[in-house]
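Engineer:
In the numbering used here, the protein residues as written are 1 to 314.
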């Protein structure tokens, strides 16, 4: 893909499973069409929302091969390609490039808790090994390593980096990155508890890299539109405040338990979570169903709102 910046809603897609636990590729096609028809600008497959840490290497490769065949010119598909180490990550990025990916999103390798200088070298070595467009997901709650804006701005001088997703709670971090004017799309997590969406967009951010768009793609696209004038800011304010109950709900359990449980309950092709994760308890799920009804999203998207007990039993 070109160096044109991604703008708008960059949705971290769930991984749908069949009843036997296998990957449901027909459901992937349905979900991708759903997002393209409802304003999603790009999707990330095999991010943390996609339960990537619980997919086998063979499943990851199959997902890249099969879903890359489903992409369109209007909605690029990026893949989470972080491996356990630098060499494994490079190998997965090359596999994604060879099989039609539009880009790859990378986080620091999990569990090793590497120093930030080592993680900076990791990102640069991966970028040197490919010409596939890349993005960085700075996500210390998941991987411990936390890159300072100095690290990020040095990394973003590499021409292969096109996206930055920030998932800390530091408004100053986003401000310093934007002030450095890197040639990347600066996006943030949609968690309301992190509090980054409002300042990121007001400071000139390019969108959100989100998971709530799995359920409300049009609304999240609205709050992810870069501001070019007062009308954009006013629409953002109205939509963001309206959507706060759903944003809080989708982060009310570890990602992606809440969003995937609610998707399944309303009839989207999601399937079950992969063990050891389990779906929401009936009372918890009932809150999500009520929120969708109060927001009128059942009418917007044709969702069928079952009783929570029936949804859990399905």
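C-beta atoms are modelled at their ideal positions from N, C-alpha and C, and glycine is treated no differently. Everything numeric in this text was worked out from a predicted model, so none of it was measured.
1) Report yes if the CB atom of residue 47 is closer than 8 angstroms to the CB atom of residue 69, and no otherwise.
2) Output needed for residue 36: all residues of its chain with C-beta closer than 7 angstroms, excluding positions within five of it in sequence on either side, in chain order.
3) Could you name the residues of the same chain whose beta carbon sits closer than 6 angstroms to that of residue 164, not counting the 5 residues immediately before and after it, in chain order?
4) Would you call residue 113 buried or exposed, if buried means 16 or more other Cβ atoms sit within 10 Å of its Cβ?
5) What residues in its chain sit with their C-beta under 7 angstroms from that of residue 95, if we drop five residues either side in the sequence?
6) What do you reckon, are the CB atoms on residue 17 and residue 272 nearer than 8 angstroms?
7) Would you say residue 97 and residue 67 are within 8 angstroms of each other, going by their C-beta atoms?
8) Assign residue 69 to one of three DSSP states: helix, strand, or coil.
9) At 4 residues or longer, what runs of the alpha helix (DSSP H) sit wholly inside the stretch 240-292?
10) Measuring only the C-alpha atoms, how far is residue 118 from residue 128?
11) By the 10 Å Cβ neighbour count, where 16 or more other Cβ atoms means buried, how is residue 54 classified, buried or exposed?
12) Is DSSP giving residue 56 helix, strand or coil here?
13) Taking the beta strand (DSSP E) that residue 185 belongs to, which residues open and close that run?
14) Under a Cβ-count criterion, where at least 16 other Cβ atoms within 10 Å of its own Cβ denotes burial, should residue 193 be classed as buried or exposed?
15) Which first and last residues belong to the alpha helix (DSSP H) in which residue 90 is found?
16) Nearest-angstrom Cα distance between residue 116 and residue 132?
17) Measure the alpha-carbon distance for residue 108 versus residue 260 and round it to whole angstroms.
18) Could you tell me which of 176, 246, 198 sits nearest to residue 293, measuring between CA atoms?
19) Give the single residue among 222, 254, 230, 251 whose Cα lies nearest to the Cα of residue 242.
20) Enumerate in chain order the residues of its own chain whose CB-to-CB distance from residue 188 is below 8 angstroms, with the five nearest sequence positions on each side excluded.
21) Considering only DSSP beta bridges, list what residue 103 is partnered with.
22) Please classify residue 9 as buried or exposed, where buried requires at least 16 neighbouring CB atoms within 10 angstroms.
23) Within this structure, are the beta carbons of residue 266 and residue 303 separated by less than 8 angstroms?
24) Could you tell me the alpha carbon to alpha carbon distance between residue 86 and residue 92, rounded to whole angstroms?
25) Scan the stretch 201-240 and note each continuous beta strand (DSSP E) run of 3 residues or more that stays entirely inside, going in chain order.
26) Starting from the Cα of residue 149, find the closest Cα among 179, 305, 134 and give me that residue.
27) On the three-state DSSP scale, how would you describe residue 158?
Structural biologist: Looking at the atomic coordinates:
1) With contacts defined by Cβ atoms closer than 8 angstroms, residue 47 and residue 69 do not form a contacting pair.
2) The residues are 72, 74, 75.
3) So the list reads 136, 184, 186, once near-sequence residues are dropped.
4) Residue 113 comes out exposed.
5) The answer, listed in chain order, is 61, 64.
6) Contact: yes.
7) No, the Cβ-Cβ distance between residue 97 and residue 67 is not below 8 angstroms.
8) Residue 69 falls in the coil class under three-state DSSP.
9) If we require 4 residues or more, the alpha helix (DSSP H) runs fully inside the stretch 240-292 come out as 257-265.
10) C-alpha separation (whole angstroms): 15 angstroms.
11) Classification for residue 54: exposed.
12) Coil.
13) Residue 185 -> beta strand (DSSP E) spans 185-188.
14) Flag for residue 193 reads exposed.
15) Its alpha helix (DSSP H) spans residues 86-98.
16) Taking the straight line from one Cα to the other gives about 23 angstroms.
17) The alpha-carbon of residue 108 is positioned some 25 angstroms away from that of residue 260.
18) Residue 246 is the option with its Cα nearest to residue 293.
19) Among 222, 254, 230, 251, the Cα nearest to that of residue 242 is on 222.
20) If you ignore the 5 residues before and after residue 188, its C-beta comes within less than 8 angstroms of the C-beta of 165, 166, 167, 174, 194, 196, 197, 200, 205, 208, 209, all in its own chain and listed in chain order.
21) 78.
22) Classification for residue 9: buried.
23) Taking the C-beta atoms as reference points, residue 303 is found nearer than 8 angstroms to residue 266.
24) The C-alpha of residue 86 lies about 10 angstroms from the C-alpha of residue 92.
25) With a minimum length of 3 residues, the continuous beta strand (DSSP E) runs that stay inside the stretch 201-240 are 207-210.
26) For residue 149, the nearest C-alpha among the options comes from 179.
27) Reduced to three states, the DSSP call for residue 158 is coil.
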